[in-house]
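Inspection log for the structure reproduced underneath, given as structure tokens.
Chains as they are written, first to last, in the numbering used here: chain A, 1174 to 1282; chain B, 86 to 283.
This is the structure we're talking about:
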């Protein structure tokens, strides 16, 4: 058993209580005027990173399952069909021996 | 009276060019924004970060589109502003982290000693507690700091925290777990340091 488990729990609880304590601040009329001055200076923008990119991360993650399934399906297809590099090269050779010879001499296959 | 208009009505008026009406939203939601900001950034930076929240809210009003309630949307902006504050802070930090003093160690010792609920609450009100918490959080990255504060200190659900930070739920869950483990390591170091001093 970890002898520090209980002391750590106690400190965690105390820090949580410290964090939860309400703090006040005296942001009065001067602060409000400053913010309004800044706002008048900047103006409204038709779009922003907060509106356009909101949920962008989630959108990307939403497609991960579909991408994984597609990759899996392609792998299964490649394994079950007689698709292989060797058979493809052989087929190409019989179809067009001259082209294969040229490609081979260029070091592509 | 303009101050009696609901949020949607005010936003429509601001977007049609009546900038001054935004002050009603500013006054209405100032406590909400300061309530969030004061929990996540140092006291002396709170006004600046809160100003940033309202300026961003104003600039992004077209994107708001009333998909969620205005205060909820504003709270999200407030959390993201705090997160940005810590990211900038980490980038610009040049000074090494300060270490804890004997007063802070005494505070930790008293937390660990058996005590009544009243004594515990009185204890957590002391400035040393805030400084110990600040010290521990300062040793975390901006990401870990924010997720730990939202999930473990504020008590938000992973889903809520994810939405506020704009992260996926999986990332938030993993980060929250990792941040808590880091925090426990830091606490263990603090406890161990106190024992060495005795």
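Ideal Cβ placement from N, Cα and C applies to all residues, glycine included. Keep in mind it's a predicted model, so treat the numbers as computed, not measured.
**Within 7 Å of chain A by C-beta, residues of the segment 189-203 of chain B in sequence order** = 193, 196 and 197
**Message:** I believe residue 1187 of chain A touches residue 214 of chain B by the beta-carbon criterion, under 8 Å. Please report the beta-carbon distance rounded to the nearest angstrom.
**Reply:** 7 Å
**Item:** Within chain A, the residues that residue 244 of chain B reaches when beta carbons sit closer than 7 Å
**Value:** None at all; the shortest Cβ gap to chain A is about 11 Å.
**Message:** Looking at the secondary structure, which residues open and close the alpha helix (DSSP H) in which residue 107 of chain B lies?
**Reply:** 107-125
**Asked** Within 7 Å (strictly less), CB to CB, does residue 1176 of chain A reach chain B?
**Response** no
**Where residue 277 of chain B falls, given that 16 or more other Cβ within 10 Å makes a residue buried** = exposed
**Request:** Determine which residues of the segment 138-153 of chain B have a Cβ less than 8 Å from any Cβ of chain A, and write them out in chain order.
**Result:** 139, 140, 141, 143, 144, 145, 146, 147, 148, 149 and 150
**Asked** Going by the CB atoms, is the gap between residue 160 of chain B and residue 138 of chain B shorter than 7 Å?
**Response** no
**Request:** Could you check what DSSP says for residue 1180 of chain A in three-state terms: helix, strand or coil?
**Result:** helix
**Request:** Pick out whichever of B/231, B/176, B/194 and B/98 has its Cα sitting closest to the Cα of residue 121 of chain B.
**Result:** B/231
**Message:** 7 Å is my cut-off, CB to CB: does residue 184 of chain B come that close to chain A?
**Reply:** no
**Item:** CB contact check: residue 1244 of chain A to chain B, cutoff 7 Å
**Value:** no
**Asked** What residues in its chain sit with their C-beta under 6 Å from that of residue 221 of chain B, if we drop five residues either side in the sequence?
**Response** 271
**Prompt:** Does the segment 254-274 of chain B come close enough to the segment 195-210 of chain B to have 3 or more Cβ pairs within less than 8 Å?
**Reply:** no
**Partner residues on chain A for residue 135 of chain B, Cβ-Cβ distance less than 9 Å** = 1198, 1200, 1204 and 1208
**Asked** How many angstroms separate the CA atom of residue 1268 of chain A from the CA atom of residue 250 of chain B?
**Response** 58 Å
**Item:** residue 1236 of chain A - DSSP class collapsed to helix/strand/coil
**Value:** coil
**Asked** So what does DSSP say about residue 1198 of chain A, is it helix, strand or coil?
**Response** coil
**Asked** Given that a residue counts as buried once 16 or more other Cβ atoms are within 10 Å of its Cβ, and exposed if not, what is residue 1240 of chain A?
**Response** exposed
**Prompt:** Is the segment 1196-1212 of chain A touching the segment 227-241 of chain B, taking contact as three or more C-beta pairs under 8 Å?
**Reply:** no
**Asked** Rounded to the nearest angstrom, how far is the Cβ of residue 134 of chain B from that of residue 167 of chain B, given a contact under 8 Å?
**Response** 6 Å
**Asked** With 7 Å set as the bound, which would you pick, yes or no: does the beta-carbon of residue 1214 of chain A sit closer than that to a beta-carbon of chain B?
**Response** no
**Message:** If I measure Cβ to Cβ from residue 127 of chain B and keep anything under 8 Å in the same chain, skipping five residues before and after, which residues do I get?
**Reply:** 219
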